[in-house]
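Peer 1:
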Amino acid sequence: MSAAARIDDLSFAHPGAALPALERVSLSIPSGESVALLGPSGAGKTTLLALLDGRLQGWRGRVSVLGTAFYPDRAPPRPCRPDTGFVFQEFALVERSTVLRNVLNGRLGRMPPLRALSGQASAHDMTVVRAALADCGIADLAERRVDSLSGGQRQRVAIARCLAQEPRLILADEPVSNLDPARAGEILSLLTGAARMRGATALFSSHQPDLARRFAQRIIGMRNGRIVFDVPTSELDEDATADLYRDAGPMSGIGLRAVR
Amino acid sequence: MRLGGFAANAVIAGAILWSLVTTDVELSRLVSAGPRIADFLGRMFPPDPTVMREIVKGSAETLRIAILGSVGAVVLSVPLGILASETMVAPALFRPVRTLLAFVRAIPLILVAMLMVGAVGLGPLPGIIAIAFHATGMLAKFYAEAIDGVSRAPIAALESAGAGPLARLRHAIWPQMAPVVARDTIFRFELNLRESLILGIVGAGGIGFYIQTYVRSFQYDKAASVTIAVVVMVIAIEAVNVALRRRFA
Ligand SMILES: Nc1ncnc2c1ncn2[C@@H]1O[C@H](COP(=O)(O)OP(=O)(O)OP(=O)(O)O)[C@@H](O)[C@H]1O
Ligand SMILES: [Mg+2]
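For the protein sequence lines, the chains are A and B, in the order given. Under UniProt numbering, think of the first position of the first sequence as 1, with each following residue one higher. Under UniProt numbering, think of the first position of the second sequence as 1, with each following residue one higher.
1. Ordered along the chain, which non-local residues of its own chain (more than five positions away) have a Cβ less than 6 Å from that of Leu-141 of chain A?
2. Just to confirm, does Lys-45 of chain A get its C-beta within under 6 Å of one of the non-hydrogen atoms of ligand 2?
3. With DSSP as the reference, please indicate the residues paired to Gly-58 of chain B in a beta bridge.
4. Write down every uninterrupted run of the alpha helix (DSSP H) in the stretch 105 to 178 of chain A whose length is 4 residues or greater and which is fully enclosed by it, in chain order.
5. Between the Cα of Glu-159 of chain B and those of A:Phe-88, A:Tyr-71, A:Thr-192, A:Ser-234, spot the shortest distance and give me the residue it belongs to.
6. Using a Cβ-Cβ distance cut-off of 7 Å, determine whether Arg-74 of chain A contacts chain B.
7. Looking only at its chain, what residues have a beta carbon closer than 7 Å to the beta carbon of Ala-21 of chain A, apart from the 5 residues adjacent to it on each side?
8. Ignore the nearest five residues each way along the sequence and tell me which others in Cys-80 of chain A's own chain have a CB closer than 8 Å to its CB.
9. What does the alpha-carbon distance come out to for the pair Ser-59 of chain B and Met-233 of chain B?
10. With burial defined as no fewer than 16 other Cβ atoms inside 10 Å of the residue's Cβ, what is the status of Met-88 of chain B: buried or exposed?
11. Gly-164 of chain B versus chain A: which residues are under 9 Å apart at the beta carbon?
12. Answer yes or no: do Val-226 of chain B and Ile-37 of chain B have a C-beta to C-beta separation smaller than 7 Å?
13. If you check the beta carbons only, do Leu-133 of chain A and Ala-160 of chain A fall under 7 Å apart?
14. Give the range of the alpha helix (DSSP H) segment to which Ser-19 of chain B is assigned.
15. Could you tell me whether the Cβ atoms of Ala-92 of chain A and Ala-153 of chain B are closer together than 7 Å?
16. Are the Cβ atoms of Ala-132 of chain B and Ala-84 of chain B separated by less than 7 Å?
17. Taking any Cβ of chain B, which residues in the stretch 155 to 168 of chain A have a Cβ under 7 Å from it, in chain order?
18. Within 7 Å (strictly less), CB to CB, does Ser-160 of chain B reach chain A?
19. Name the chain B residues that come within less than 8 Å of Ala-131 of chain A, Cβ to Cβ?
20. Where does Ser-160 of chain B sit, in a helix, a strand or coil, going by DSSP?
21. Which of the three DSSP states, helix, strand or coil, is assigned to Ile-107 of chain B?
22. How would you call Pro-232 of chain A, buried or exposed, if buried means at least 16 neighbouring beta carbons within 10 angstroms?
23. Whole angstroms are fine: how far does the CA of Ile-198 of chain B sit from the CA of Leu-20 of chain B?
24. May I have a chain-ordered list of the beta strand (DSSP E) segments no shorter than 3 residues that lie completely inside the stretch 27 to 85 of chain A?
25. Which residue or residues does DSSP assign as beta-bridge partners of Arg-245 of chain B?
26. For Ala-102 of chain B, which option in B:Pro-79, B:Ala-92, B:Gly-208, B:His-134 has the closest C-alpha, if you only look at C-alpha atoms?
27. Return the first residue and the last residue of the alpha helix (DSSP H) that Ser-28 of chain B is part of.
28. How long is the line joining the alpha carbons of Ala-119 of chain B and Gln-120 of chain A, rounded to whole angstroms?
29. For chain B, is any of its Cβ atoms less than 7 Å away from the one on Leu-256 of chain A?
30. Check the DSSP bridge columns for Met-222 of chain A and list the partner residues they point to.
31. Should residue 314 of chain A be labelled buried (16 or more other beta-carbon atoms within 10 Å of its own) or exposed?
32. Since Ile-220 of chain A and Val-63 of chain A should fall inside the 8 Å C-beta cutoff, what is the C-beta to C-beta distance between them, to a whole number of angstroms?
33. Counting beta carbon pairs with one atom in the stretch 110 to 126 of chain A and one in the stretch 178 to 188 of chain A, are three or more of them shorter than 8 Å?
34. Name the DSSP bridge partner or partners of Arg-6 of chain A?
35. Would you decide whether Trp-18 of chain B is buried or exposed? Buried here means 16 or more other CB atoms lie within 10 Å of its CB.
36. Kindly list, in the order they appear in chain B, the residues whose Cβ is closer than 9 Å to that of Asp-210 of chain A.
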């Protein structure tokens, strides 16, 4: 049971889509590893991450996350869900609420139902939340409303909410896609560092191979819903990366050009 | 297209003709109406100021009916609004609830008030029940629309974090919909206040009772005073509402 996530021969098509978004995907991620997902737009990165978060149904194959087997016809049991944290690409924060409230929202799945409804945090909840805010460098923003924050600050709130969940598996969908290179490095180091400190597994998608190389121990390349390569970072080969993005459609060059 | 336009005009013309011909409209009556209206206005003038006490008493009761009726409507509309929203429940549930609300909206307030007077007797109680019932048809729909109008992403995020449906409603949906709910509730309260002014005419309490009493007993000068009071109240309600709306804009 040392795998944080295991996928076997998995295929999935979004409802109404002509082509499958994931085709015969197999992978296994050991606990504690930091893994990057690379691939051009439409490769299936978001789909794969959403699947591991238990948000997709109707797939074929076998999936288990943190020792719990998923079933294609139902969402995973709610008590399992806090164990997997997700950093959404568009942050998915409650704009009119404060930073503190948003980060506390990450605790809701860990609270007894009545307390979750009232939102009353226990002393332990507050300790975890304060630590998450401090780790993300936004302790001084706690009382600010999210709609008054910059993009980079929101990104940190989104990560803090995920950390407040005390997840054992952290999934992050392009967590640095709209940040400048210095900020991007900072955020990824924050994310992977926080995961390492907490003994959590991290899987993040990115369009930036150099960042993936710096912050992941292992890199998975995807294209057209398939895994093209899956290697330790030290063995990543430049040509394979370049191939991943070659002629992948009209938008394919955008992510890479930003890097090279 | 042109045929459709012609057909529409023919239908409208037909409807007007049918109404004119089949309704007992004796235009001759209009001729004798002039002096009668003058006489009527003459008897209304000057308004009798001695009914001030009745006006204050009636207005206070109208206000209480509107407040309690609105509270009742909010209490009913919260659960019904949730049950009528596609964000919170399955189509098998929100569709019939929406149909029910449409029925409730379709029943005129005055009809509900008359039925309630028959059921619970004269006084403010039937008025309060009628307002609560009638306003729920609209308010629950507004609440459902407010729920469905919020951004979905934070709801999905809280679900992913393991929050249950009510916790999602409280912490992801409510903060987004709160200003809309406040605006809609105030708007509905204004309507409730306006509509409860006339409830007394069917015996359901409030200031309308005095209008009915004075007209029936031919005390037009007193009826005039009450009518003026009602007009002033409507204008005041509107002014307050305009000010409030500015705050929520
Ligand atoms: N809700 C949906 N309905 C139908 N098709 C979808 C849906 N979401 C994604 N797809 C399709 O599934 C495929 C994979 O999409 P996915 O979002 O997983 O790609 P991605 O690798 O995350 O791309 P990007 O880098 O642009 O975020 C694409 O062809 C996309 O058009
Ligand atoms: Mg994506």
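Just so you know, even glycine gets a beta-carbon here, dropped at the ideal spot from N, CA and C. All of these numbers come straight from a predicted model, not from anything done at the bench.
Peer 2: The short version:
1. Cβ-Cβ distances below 6 Å link Leu-141 of chain A to Val-99 in the same chain, with the five nearest sequence neighbours on each side left out; the list follows chain order.
2. Yes.
3. According to DSSP, which records beta bridges pairwise, Gly-58 of chain B is partnered with nothing at all.
4. Whole alpha helix (DSSP H) segments, 4+ residues: 113 to 118, 123 to 135, 151 to 164.
5. Nearest neighbour of Glu-159 of chain B by Cα position, chosen from A:Phe-88, A:Tyr-71, A:Thr-192, A:Ser-234, turns out to be A:Phe-88.
6. Under the Cβ distance rule, Arg-74 of chain A does not count among the residues neighbouring chain B, no pair being separated by less than 7 Å.
7. Correct list, in chain order: Phe-12, Ala-13, His-14, Gly-44, Thr-47, Gly-225.
8. Gly-54, Val-65, Leu-66, Thr-68.
9. Within the model, the alpha-carbon separation for Ser-59 of chain B versus Met-233 of chain B is close to 9 Å.
10. With 16 or more other Cβ atoms from the protein chains shown falling within 10 Å of its own Cβ, Met-88 of chain B counts as buried.
11. What Gly-164 of chain B touches in chain A: Arg-78, Leu-108, Gly-109, Pro-113, Ala-116, Leu-117.
12. Cβ distance not < 7 Å, so Val-226 of chain B and Ile-37 of chain B don't count as in contact.
13. In this structure, Leu-133 of chain A places its C-beta atom within 7 Å of the C-beta atom of Ala-160 of chain A.
14. Element bounds for Ser-19 of chain B: 2 to 22.
15. Ala-92 of chain A is a Cβ neighbour of Ala-153 of chain B, given a cutoff of 7 Å.
16. For Ala-132 of chain B and Ala-84 of chain B, no; Cβs fall outside 7 Å.
17. Considering only beta carbons, the part of the stretch 155 to 168 of chain A lying closer than 7 Å to chain B consists of Gln-165, in chain order.
18. Output row for Ser-160 of chain B: interface = yes.
19. At a beta-carbon threshold of 8 Å, none of the residues of chain B lie near Ala-131 of chain A; the nearest stands roughly 17 Å away.
20. Helix.
21. Coil, per DSSP.
22. By the beta-carbon neighbour count (other beta carbons within 10 angstroms, threshold 16), Pro-232 of chain A is exposed.
23. Spanning the two alpha carbons is a distance of roughly 30 Å.
24. If you keep only unbroken beta strand (DSSP E) runs of at least 3 residues inside the stretch 27 to 85 of chain A, you get 34 to 38, 60 to 65.
25. Per DSSP, Arg-245 of chain B has no beta-bridge partner at all.
26. For the residues B:Pro-79, B:Ala-92, B:Gly-208, B:His-134, the minimum Cα distance to Ala-102 of chain B belongs to B:His-134.
27. Per DSSP, Ser-28 of chain B is one residue of the alpha helix (DSSP H) stretching across 28 to 44.
28. Straight-line Cα distance between these residues: approximately 45 Å.
29. Its pLDDT being 46, under 50, Leu-256 of chain A is placed unreliably in this model, and the coordinates cannot settle the point.
30. In DSSP, Met-222 of chain A forms a bridge with A:Ile-227.
31. As shown, chain A starts at 1 and ends at 260. That puts residue 314 of chain A outside it, with no answer to give.
32. No, Ile-220 of chain A and Val-63 of chain A are not in contact; Cβ-Cβ is about 16 Å, not under 8 Å.
33. These segments do not touch.
34. According to DSSP, Arg-6 of chain A bridges with A:Ser-28, A:Ser-64.
35. It counts as exposed.
36. When 9 Å is used as the limit between beta carbons, Asp-210 of chain A is near no residue of chain B, the shortest such separation being about 29 Å.
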